[in-house]
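Novice: I'd like to ask some things about the structure below.
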Amino acid sequence: MESLIMILVGILASVGTYLILSRNIIRVILGTAIYSHAVHLLILTMGGLKKGDVPILSQSEGPFTDALPQALILTAIVISFATTALLLVLAYRTYKTNGSDDFHELREMPDE
Amino acid sequence: MKETILLLALTFFMIAIGLLLYRSIVGPTMPDRAIALDTIGVNIISAIAIVSIILSTTAFLEAILILGILAFIGTIAFSKYIERGVIVERKGDS
Amino acid sequence: MLNVKEILEWIAVLSVLLASIISMISAFGMIRLPDVYTRSHAATKSSTMAVLACLSGAFIYFWVHDGYVSVRLILGIVFVFITAPVSGHLVTRAAYRARVPLAEGSGDDALKPVLFGDEQTSPTITADNVDKHE
Amino acid sequence: MNNLIVLPLIIPIITAVVLVFLRDQIVLQRIISFVTMGFVCIVSFILLNIVQTEGIIRLDFSGWMPPFGILFVADSFSLLLVLTSSIVTLICLLYAFSMMGQRYEKMFFYPFVLFLVAGVNGSFLTGDIFNLFVCFEVMLLASYVLVAFGGGKRQLRESLKYVLINVVASWMFLVALAFLYGSVKTLNMAHIAQRVAEVGQDPLITTVAILFLIVFSLKAGLLLFFWLPGSYSVPPTVVQALFAALLTKVGIYALIRTFTLMFPLQQEVTHTIIGIMAGLTIIAGCMGALAGRDVYTIATYNVIIGTGFILIGLAVGTESAMAGAIYYLIHDIVAKALLFLLIGMMIYLTGETVVKKMSGLIQIYPIFGWIYFILMLALAGIPPFSGFIGKVLIGQGAIEAHSYILLALGFASSIIVLYSLLRIFLASFFGETTISPEDKKPIPKGAYTSFILLAISIIYLGIGAESIAVYVKDAAETLMNPSIYIDAILKG
Amino acid sequence: MKINDVILRTVVKGVIFIILTLGVYLFFSGHNAPGGGFIGGLVLGSAIVLLYITYDLETVHKKMPFDFKKVAALGVLLATGTAVGSILFDAPFLSQTDGYFNIPILGEKHLTTVTIFEAGVALTVIGTLVTIILSIGEDE
Amino acid sequence: MTIDFAIILIPFIMAALILLFNKQLRKKYLGWIVLIIPVSLFLILTTYIPRIANGETYTHTYEWIPAFNLNFTTYIDGLSLILSLLITGVGSLVILYSIFYLSMKESLHHFYCYLLLFMGAMLGVVFSDNLMVLYAFWELTSVSSFLLIAFWHHRKASRAGARKSMTITVSGGVSMLTGFLMLYVMSGTFSIREIIANVEKISEHSLFIPALILILLGAFTKSAQFPFHIWLPDAMEAPTPVSAYLHSATMVKAGIYLVARFTPVFGGEMVWFWTVTGVGLITLFWGSFNAVRQTDLKAILAFSTVSQLGLIMSLLGLGSVAVHLGYSADTVIYTQATFAALFHLINHSTFKGALFMMVGIVDHEIGTRDIRRLGGLMSIMPFTFTIAVIGSFSMAGLPPFNGFLSKEMFFAATVKILQLDVFSIESTGILIPLIAWVASILTFVYCIIIVNRTFLGKIKPDIQEKNPHEAPLGMLISPFILITLVIAIFFFPNLLGEYILKPAMASVYPTFPSAAEMTPHISAWHGFNIELLMTIGVIVLGIVLYRLLKYWKKIYRIFPQNWTLNAIYERVITTSENVSESITNRYMNGKLTHYFIYIYISFVVIVAGTFVALDAFSWNPRLDAPVETYELLLVFIMIFTAIGLVFAKSRITSVLLNGVLGYSVAFFFVIFRAPDLALTQLVVESVTTALFLICFKHLGALKPEPSSKRVKVSNGVISILVGATVTLIGLAVVNYEKFETISTYFENSYELAGGKNIVNTILGDFRAFDTMLEVVVLFIAGLGVYTLINLKAAKKEGADIENK
C-alpha cells in the first residue's frame, strides 16, 4: 500500500508540476491545489498506513495508527486552504486589473 | 464471507464512481456535471458507510452527514450558478 | 447456526450489496441515457435508493454488531431523503433555464413557449458551447 | 519555563487583532502598534540578557515536555535576530506613519505588519520543525497581502509570481517535513538532532537535509532568488524595507539553524553544496547589481549578494565564520531596511526610478545624502561601519577553512556592492540638481527620524561592535556546539 | 424575470437546523470523537453560506448584522486569550485546565478551557469563511 | 587619553565641529581656525623627534573590539613619525594655501571637513599597530579622498575621477584586507610588531606568499603603481590644494609606508624583491614616459608623481635584499636603498608640493593649465617662476636641490645591487640601473617642459588680454616654505638623516643591531663615480631629447588609442556591465514559467543528485500493508483524474476534477483511519472548489497552451523528474525504520489531556500552539482577501503620499 501511495504521490506531483509550468493562471493554481493533495497523502503515508486502529481511544484498545501526521495534515490543510483562498483572489484581481491570465502576456504588458 | 461481500460492494461503488467521473469530465453540459458530482457524493457516502462497517468504527459517521450536507449545498450552488451566473446574489427579491 | 443477530447482519450486508448494485446501474444510466433530464432520473432516483439501502444496512449492522444505535446515521438518512429530490429538481430546472436541449424524440416541449416566449430563432445552447458560454 | 519567550510572537498577534477593531482610529492604531513593537524590543532585550546568565531557556507550551509538545527556545542567536528585527520594524513604523497614507492605513496595514513580525519572531524562536513551517506561513500570508498592498497593475503581477513561488516553496517544505518525520519520527529540532547524530546522518537523512536546503534557499534567496527582484520592487516602501530586512533573513536563519543543529554531520556534502550555491548567488547578484539601471534593480540584487555573503559564513563553518555570519546578518537587517527606505524616498522625491534621471539630491537634502553615503560604505563593509566586522570574521573563517574561492568571491562582491551603490550616489546625489525649487518636497519628519535612527544603528553596530560581541560569541559557540542546544532541550 | 425559489427556501429552513445542530455537535464532541472547533466552525460557516446562497446578501445581512471580519477577530482573540490567560496563572503559555463544575440545572459538568480555545477557533473559521465568500460576492 | 591617541582623534573632532557649527562660523575665518589643528599637531609631533631619535617608541592600546582582537593600538616609531610630520606639515601649508586659493563661494566647510577627515585618517594609518585598525583608516583615506576629488561634484569629470580612484583604491584595500587576514590566521595576532617579532614562525606557511602579494596589491593601488596608476591622473580633477596634499605628500605615500612597514615581514622573499623593485621601475619609467606627452600641467605633475612613486617603491624593493641577506658588515650597505627611499619620500613631498601649488597659482591667475596656451609667464610672475624652477630642478635631480641627493643615492643603489648574486639578479639585474637611468632622462625632459613651456617664450595673446599678475602673497607663502626646505635639505641633509631617517631605518630593519650604521653620511659631493656619470648623462641626453622632442614624439602614436590602460579599464567596466546586463536579462526575463523551471531543475539536480550520489535508495515492498481492489480502483481513479486535468479544456471541468481529487483524498483518509482528516478534507475541498468556481468565473476561458511541442515535452520531462524524485525518496523513507515514533506518547491522551480523540488532543493540547497559529493564518487570509478586493489602485488624484 505504501509503495502504491508513494507512486500516486509521485504522479500527482508530476501532474502538479506540469500544470505549474504552464502559462495560464488557472492551470498554475490548479497545480498548487494538486500539490497539496499530494503532500497530504505523503505525510499520512509517513506515519505508516493501516498499521492500527482509528486513533480514538473510545473506539478501540489499540494499537492505534500514528496520530501525529494526522494532526500535522489538519494544520496543513487549513493553511493550504487559507493560502489558496488568498491566491485565488489575488489571481482574480490581477486578471481584473491586467486583463490577461497568461503569464507570458502579463510580463509584456506596459506598466500602469 | 461478509467481509468479501462488503469489499465487493465497495468495488462496485468504486466502479460506479469511476463511471460517474467519466460523465462529469465529459459533460457535455454543466447540469450533467452537477448531477454526476452530486451522485458521486452520494456514492462516496455509501462507500464511507461500508468502510465504517469493515473497520467496525463509528468514527466516520459524521463524515457521512457532512458529505450529505456538502453535496446538497454544492448542488444548490451549482444549479444557481448555472441558472443565474452568480452564486451569492447581492440583492434581489426573486 | 444462524441466530437472529447473524441473520440481521447478513441482511445488512446484503442490503449494502444491493445498494452497490443499484448504484452501478444508476451509474450506467448516467453514461447511457441521452440527455441531462433523463440522466437526472437515473441519478436522483436510483442513487438515492442506493444510499438509503446502504445507510440502512450500515445502521442495522452497527445496531446488531455493536449494539450501537447511531443517531447520526438516521439523521443522515433523513437528510439525504429530504435533500436529494430538491437538488435534483434544482439542477434540472437550472438546466432547462440554461436552455440545455432535450434529447431527440422527447416529444413536445410545452413549457418552452411559456418560459422563453416565441423566440424560435433564438440560438439554442448546444451541448458543445455551454462551457464557452460561461 | 519562561513565559517571556512567547511574548515577541503573541503580543504582535493580539495587538494586530485588536487593531482590526480600531479600524478607523488611525492615530490610535499608530500609537498602539508603535508601543507594541517597543515592548517587543524591550522584552527581547531582557531575554537576551537572561540567556547570557542562565544559558539557553525554553518554554514548553502547555507544559508538555519536549520532544512531545511544541516549545520555544531562546538562545543568543535567535534572540539577537528577534531584537534586531523588532528594532528595525519599530523604526520602519516611524517611516510608515508619515509616508503610508490614510487609505492604506485603514486597510489594516498595521495589523498585517504586526502579523509579519509575529511570524518572523516565531520562526526565530521555535524549537519545533513543524511549528517553524507554521510560523513561516504566518509570515508568508502576511507578506502575500503586503506585497500586493496597493493593487497597481505591475504590483499585482509581481505579487502573483511571488505568491506562487512561495506556495511551491511551502509545498517543498511540507514534502521535506514529511520525509523528515518519516525517517526520524520526531519533530522537535533538538530531538531530531539527537536522533540524526545517533545514526551518524546516513545518506537518506542527508538527502532530506538537502531538500531542506532547497526549501530554505528559496526563502532566503540563495541561488533560487528569481522571485526576489520583481517582488521586492513593487510594494510600498515600508513593506519593501521590511521584506528586505526580515524575509530573506528568516530563510538564512533557518538554513543556519538547520545545518548547524540538525544536520551538521555530513559537511563535506551539505556545506559544499551550500558553498557552491552561495558562490553562484554572489556571482549572479553581482551581475544583476552591475546590470542595474534603476535603483530597485541595484538594491534588490544587493539583497541577493548579502544573502550569498552570509551563507559563505555557514558554508565555511568555522566558529569565527559563524560569528561573522551572525554579525553580518544583524548588519544586513538594519542596512537593507535603510537602503530600501532611502531608495523609496528618492523615488518619492524625484518620481523616477532610473539612476541617471535623478541628480543632485544632496544639494537639497544634505542629511539624506550623507546617510546614503554612510549606508553605502557600511554595505561595502568599509570600517568602521556595521558591515566591517562581519566581513572580517567571515573572511578569517574562510581562510582558516581554506575556502579561498569563496573568500575571493565574497570580498570581490563587496567591491561590486560599492561600485553599484556608488553609481547611484554619484549620479543621483551628486551633480547639478534637477529639482526646481517649486517642486521641492520636504522629507517628512517621521521619515527623517527613521533614517537617522537606522544610520545611528549602523554606526553603532560598527564602532560599538564590542557591545554585542559577547552575545555574538555566545551565539556562535552555541551554533558550533549543537550539544549545548540539545542538552538544554532534552535534559531537564 | 423572477425565478421561483419556494421549494429551495422551504427545504433550507428545515435543513439549516440539521446543519447547525450537526455543527454544534461536532464542535462539542471534538475532544472524544471526530470533530472539534475547526470542523464545527466550517459546518456552521457553511450553514451561513447556504443562507447566503438561498437568499441574498441584503436579506441575510438584515437578519445577521455582523461584521464577519470582527467575528473572526473575536475568534482569534478568544483563542490567543485562553493561551495568554495561562501566563497570568504563572503556568506555561497555552496551558489548559479542566475540572468538574457543579452548574445549576445542568448538574456536574466536565469543563475545560480547551473548549474556549476551540470556540475561538470555530469563530475564526466562521468569520473568515463568510468574509471570504462575501468579499468576493460583493465585488461582482 | 594620551597624546598619540589625541593626535589621531583631534582632526575628526574638528571635522565634526565644523559641520555642527557651520552656520555660526564666518566663512572668512574658517580656514584660519582649521589651520590651527595641523600646525599644533605638527608642533606636538616635533617634540617627539629627539625622543624617537634616541630609539624610543611609544605604544598605547585602547580596547575597541577585544572580543575579536581588534584593538586600537597606536605605535609611534621613526617610520610613522616621518609620515606624520609630512602629513601635518604639508597639511598646514596646504590649508594655508587653500585659504587664499578657494573662493568664498565654495562650500568651504565641506572642504575643510573632508580635508580634516583625510588628515585624521592618514595619521591613523601611520600610527596604527593593529592591522584591522590600519585597514580601517586606510579605507577612510580612500573615502575621504573620494570626497575631496569629487569636491566639485557638479563636474562630470570630477565624479568620474572620484569614482575611479575610489573603485581602484578600495579594491586594493580589500585585497590588502585579505592579506592581513591571512597574516592573522598564520600568526594569531593583528599587531604588526608581534608579527614582525614572530616572522620566522610564519614565513614557511603556505599562505605567506599569497598574503605578501595581496598586501602588495593594496600598497600598489594606493601608491598608484603600474598598472593601477590610472586613477591618479583622473584624480587631478580635484581642487589643486587637494592634489598638492593627497598626491604629493600623503595618500600616495600610504602605499610606500605600507611597503616599508612590511619589509621586515616579507623582505626576505624573492617575490617581494622582484615585485616591488620591478613594479617600481616599470612605474618609474611609464610615469615619466607618459608625463612627457601631457599638455596639461597638472597631468604632467600627475604622471611625474606616478613616476617618482615608482622610484621610491623600487628603492624599497632594492633595500629589502638586506633583510634577505641578514645582518653582517657587508650587507649593511644594501640598506642604503631604503635610506634613499625614505629620504626621497621627504624630498618628493617638498618639491612636488611646491610644484602643485605653483600650478595652482598659474591656474588661478591665468585660468588655464594647458601648456600649449601658456608661455612667457616669467616676467609676469617672477616668484611663481622661482618656485617652478627650483621644484622642477630638484625633481630632475640637479644640484643644489635635495632631489639631486636622493637621485644620486638611487643610482648608487641600482648599481650596487648588481654585485649581488641572490634572487638571480646576475641574469637580469642589469636592467635595473638601465631603466632607472632612462626614466631619469625622461624625468629631466618633462621638468624642462614644465619650466620652459610655462614661463619662457612669448606670452600668448589671449592671456595677455586678461591682464595677468602675480599671485597674492598668501598663496606664495606655502610654496616658498617648501622651496626653502628643498634648498635647506640640500645643504643640511645629515640633520634630517640623523634625527628623522635613522630611527626610521631602525624600524624597517628591526633585526639589524645598529641604526647608526645604516645611516650614511650624505654629502653633495661624493667623488667622481658612476652615479655622477649617470647624472651627467641624464642632463646631456635630456637636453638633447628635449630639443628633438617634436621628432620622437611620434612614438606615442604607436600605442593605439583604445589599448591604453585607461581605455582597457573603461572597456572592462562597460563590458562587464553590458555582459552582466545581457546575462541577467536573459534568465531574469519575468516569465514565471522559466523561474519555476530553474527551481525545479535545481530541485531535481541537487536533491536527486545527492540522493543518487550517496546511494540512499532502498525499497522493501514486503513491509507494505496489503492493497485491496477498491483501493487500487481509487488510485486509478485519482491517476486518471489527475491526467485528465492536464488535458482538460474548460475551467469548470478542471475545477471539478480537482474537486474529485480532493474527495478521493478524503476517501483515502477514511481508508487510512483518519476521521478528523476526512471530515476536514471534505468540507475544505468543497469550500475550495466553490472558491475556485467563483474566482475562475472571472478569469478568462481556459485556452489551450500556446507552447510549442518542444516546450511541452521538456516541461513534461521536468515534471516526471520531480515526481520521480519525490517517489523515490518517499519509498526510501517509508522503509527507513530506525526510530520509534514519538506519537506513542500521545496515546495516553486521556490521562494526559483528558481527551479520547488523539488527533484532537494533539491539536487542542499537545500541539495547540500550531492550532493557534493556524487560526491566525486563516484570519490573515480572510482579512487579506478583504483587503485585496477593497484596496484598489489609487486613481490619479489619489491622496496617498506614496503614489506608485
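Protein chains in written order, with numbering that gives the first Met the number 0: chain A, 0 to 111; chain B, 0 to 93; chain C, 0 to 133; chain D, 0 to 491; chain E, 0 to 139; chain F, 0 to 803.
From the three backbone atoms N, C-alpha and C, an ideal C-beta is built for every residue, glycine too.
This one's a predicted model, so the numbers in the text were calculated from it and none came from an experiment.
If we count the other Cβ atoms within 10 Å of its Cβ and call it buried at 16 or more, is ARG585(F) buried or exposed?
Specialist: Taking the first residue of the sixth sequence as 1, we reach residue 585(F) at position 586. It counts as exposed.
Novice: Give the residues of chain I in contact with VAL183(D), contact being defined as C-beta atoms less than 9 Å apart.
Specialist: As a matter of chain content, chain I is missing from the structure shown, whose protein chains are A, B, C, D, E and F.
Novice: Could you tell me whether the Cβ atoms of LEU18(A) and VAL664(F) are closer together than 8 Å?
Specialist: Walking along the first sequence from the start, residue 18(A) turns up at place 19. Walking along the sixth sequence from the start, residue 664(F) turns up at place 665. No.
Novice: Answer yes or no: does any C-beta atom of chain F fall closer than 8 Å to that of GLU88(B)?
Specialist: Along the second sequence, one-based indexing puts residue 88(B) at 89. Answer no: the Cβ-Cβ gap between GLU88(B) and chain F never drops below 8 Å.
Novice: Is it the case that the Cβ atoms of LEU211(F) and GLU268(F) are separated by a distance below 8 Å?
Specialist: Residue numbering aside, residue 211(F) sits at position 212 when the sixth sequence is read from its first letter. Residue numbering aside, residue 268(F) sits at position 269 when the sixth sequence is read from its first letter. It is a contact, given that the beta carbons lie within the stated cut-off.
Novice: Does the Cβ of LYS131(C) have 16 or more other Cβ atoms within 10 Å, making it buried, or fewer, making it exposed?
Specialist: Along the third sequence, one-based indexing puts residue 131(C) at 132. Its pLDDT being 42, under 50, LYS131(C) is placed unreliably by the model, and the measurement read from it follows with that caveat. Answer is exposed; the Cβ neighbour count stays below 16.
Novice: Looking only at its chain, what residues have a beta carbon closer than 6 Å to the beta carbon of MET533(F), apart from the 5 residues adjacent to it on each side?
Specialist: In the sixth sequence, counting from the first residue as 1, residue 533(F) sits at position 534. Correct list, in chain order: PHE410, TRP436.
Novice: Where are the beta strand (DSSP E) runs, 3 residues long or more, that stay fully inside the stretch 1-27 of chain A, in chain order?
Specialist: none
Novice: Which same chain residues end up closer than 7 Å to ILE442(D) when comparing Cβ atoms and leaving out the 5 residues on each side of it in sequence?
Specialist: Here residue 442(D) refers to the residue found at position 443 when the fourth sequence is read from its first residue. Counting only Cβ-Cβ distances below 7 Å, and skipping sequence neighbours, we find MET344, TYR364, PHE367.
Novice: Note the first and the last residue of the continuous alpha helix (DSSP H) segment covering TRP9(C).
Specialist: Within the third sequence, the letter at position 10 stands for residue 9(C). In the DSSP assignment, TRP9(C) falls within the alpha helix (DSSP H) that extends over 3-31.
Novice: Please report how far the alpha carbon of PHE160(D) lies from the alpha carbon of LYS356(D), in whole angstroms.
Specialist: Stepping through the fourth sequence from its first residue, residue 160(D) is reached at position 161. Stepping through the fourth sequence from its first residue, residue 356(D) is reached at position 357. Before going on, a small fix: residue 160(D) reads as Lys here, not Phe. Near 29 Å, if we compare the C-alpha coordinates of LYS356(D) and LYS160(D).
Novice: Output yes if chain C places a C-beta closer than 8 Å to the C-beta of GLY29(E); else output no.
Specialist: As a working note, residue 29(E) is residue 30 in the fifth sequence. Closer than 8 Å: no.
Novice: Answer with buried or exposed for HIS822(F), where buried requires no fewer than 16 other C-beta atoms within 10 angstroms of its C-beta.
Specialist: The structure shown does not extend to residue 822(F), since chain F is modelled only from 0 through 803, so no value can be given for it.
Novice: Does chain A have any CB closer than 8 Å to the CB of PHE129(D)?
Specialist: In the fourth sequence, residue 129(D) corresponds to position 130, counting from 1. Answer yes: the Cβ-Cβ gap between PHE129(D) and chain A drops below 8 Å somewhere.
Novice: Find the residues of chain B that neighbour VAL90(C), judging by a C-beta separation of less than 8 Å, and give them in chain order.
Specialist: In the third sequence, the residue the question calls residue 90(C) occupies position 91. The contacting residues are PRO30, ALA33, ILE34, ASP37, THR74, PHE77, SER78, ILE81.
Novice: In this structure, does DSSP put TYR61(F) in helix, strand or coil?
Specialist: In the sixth sequence, the residue the question calls residue 61(F) occupies position 62. TYR61(F): strand per DSSP, three-state reduction.
Novice: Listed from N- to C-terminal order along the chain, which residues in the stretch 10-30 of chain C have their beta-carbon within a distance smaller than 8 Å of any beta-carbon of chain B?
Specialist: Correct list: ALA11, VAL12, LEU13, VAL15, LEU16, ALA18, SER19, ILE20, SER22, MET23, SER25, ALA26, PHE27, MET29, ILE30.
Novice: Does the beta carbon of ALA75(A) sit closer than 8 Å to a beta carbon anywhere in chain E?
Specialist: In the first sequence, residue 75(A) corresponds to position 76, counting from 1. Against chain E, the CB of ALA75(A) has no partner CB under 8 Å away; the residue lies outside that interface.
Novice: Could you tell me the boundaries of the alpha helix (DSSP H) in which TYR36(C) lies?
Specialist: Numbered from its first residue, the third sequence carries residue 36(C) at position 37. Residues 35-40.
Novice: Tell me the residue span of the alpha helix (DSSP H) that contains ILE51(F).
Specialist: Locating residue 51(F) in the sixth sequence gives position 52, where the first residue counts as 1. Segment 26-52, the alpha helix (DSSP H) holding ILE51(F).
Novice: Helix, strand or coil for PHE71(D) per DSSP?
Specialist: Counting from one through the fourth sequence, the residue named residue 71(D) turns up at place 72. The answer is strand: DSSP assigns PHE71(D) an E or B state.
Novice: Could you check what DSSP says for LEU8(F) in three-state terms: helix, strand or coil?
Specialist: In the sixth sequence, residue 8(F) corresponds to position 9, counting from 1. For LEU8(F), the secondary structure class from DSSP, reduced to helix, strand or coil, is helix.
Novice: According to DSSP, simplified to helix, strand and coil, what is LEU681(F)?
Specialist: Sequence index remark: in the sixth sequence, residue 681(F) carries index 682 (1-based). Residue state, collapsed to three classes: helix.
Novice: Are the CB atoms of THR123(E) and ALA82(E) within a distance shorter than 8 Å?
Specialist: Translated into the one-based positions of the fifth sequence, residue 82(E) becomes position 83. Translated into the one-based positions of the fifth sequence, residue 123(E) becomes position 124. In this structure, THR123(E) does not lie closer than 8 Å to ALA82(E) by Cβ.
Novice: Would you please state the rounded distance, in angstroms, between the beta carbons of ALA52(C) and LEU74(C)? I believe it to be under 8 Å.
Specialist: Walking along the third sequence from the start, residue 52(C) turns up at place 53. Walking along the third sequence from the start, residue 74(C) turns up at place 75. Taking the Cβ atoms as the reference, ALA52(C) lies roughly 17 Å from LEU74(C), outside the contact range of under 8 Å.
Novice: Using the three-state DSSP reduction, which class does SER327(F) fall into: helix, strand or coil?
Specialist: Within the sixth sequence, numbered from 1, the residue matching residue 327(F) stands at position 328. Correct three-state label for SER327(F): coil.
Novice: Provide the residue span of the beta strand (DSSP E) that contains ARG57(D), from first to last.
Specialist: In the fourth sequence, the residue the question calls residue 57(D) occupies position 58. Judged by DSSP secondary structure, ARG57(D) falls within the beta strand (DSSP E) whose first and last residues are 56-59.
Novice: Helix or strand or just coil, what does DSSP make of ASN187(D)?
Specialist: Against the fourth sequence, residue 187(D) aligns to sequence position 188. Strand at ASN187(D).
Novice: What residue does the alpha helix (DSSP H) around ILE75(F) start on, and which one ends it?
Specialist: In the sixth sequence, the residue the question calls residue 75(F) occupies position 76. Premise fails: ILE75(F) lies in the beta strand (DSSP E), 69-75, not in any alpha helix (DSSP H).
Novice: Tell me whether ASP31(B) sits in a helix, a strand or coil according to DSSP, three-state version.
Specialist: Counting from 1 along the second sequence, the entry for residue 31(B) is found at position 32. Reduced to three states, the DSSP call for ASP31(B) is helix.
Novice: When DSSP labels each residue in this structure, what does THR760(F) get in the three-state scheme?
Specialist: Along the sixth sequence, one-based indexing puts residue 760(F) at 761. Three-state result, THR760(F): helix.
Novice: Pick out the complete alpha helix (DSSP H) segments inside the stretch 244-293 of chain F, 4 residues or longer, and give them in chain order.
Specialist: Complete alpha helix (DSSP H) runs here, min 4: 250-265, 269-292.
Novice: Quick one: list the residues of chain E neighbouring LEU58(D), beta-carbon separation under 8 Å, in chain order.
Specialist: Position 59 of the fourth sequence, counted from the first residue, corresponds to residue 58(D). Going along chain E in sequence order, the residues near LEU58(D) (Cβ under 8 Å) are PRO91, PHE92.
Novice: Excluding the 5 residues flanking ILE191(F) on each side, which residues of the same chain have their C-beta closer than 6 Å to its C-beta?
Specialist: The residue given as residue 191(F) occupies position 192 in the sixth sequence. If we look at ILE191(F) and ignore the five residues flanking it on each side, its Cβ neighbours are ASP128.
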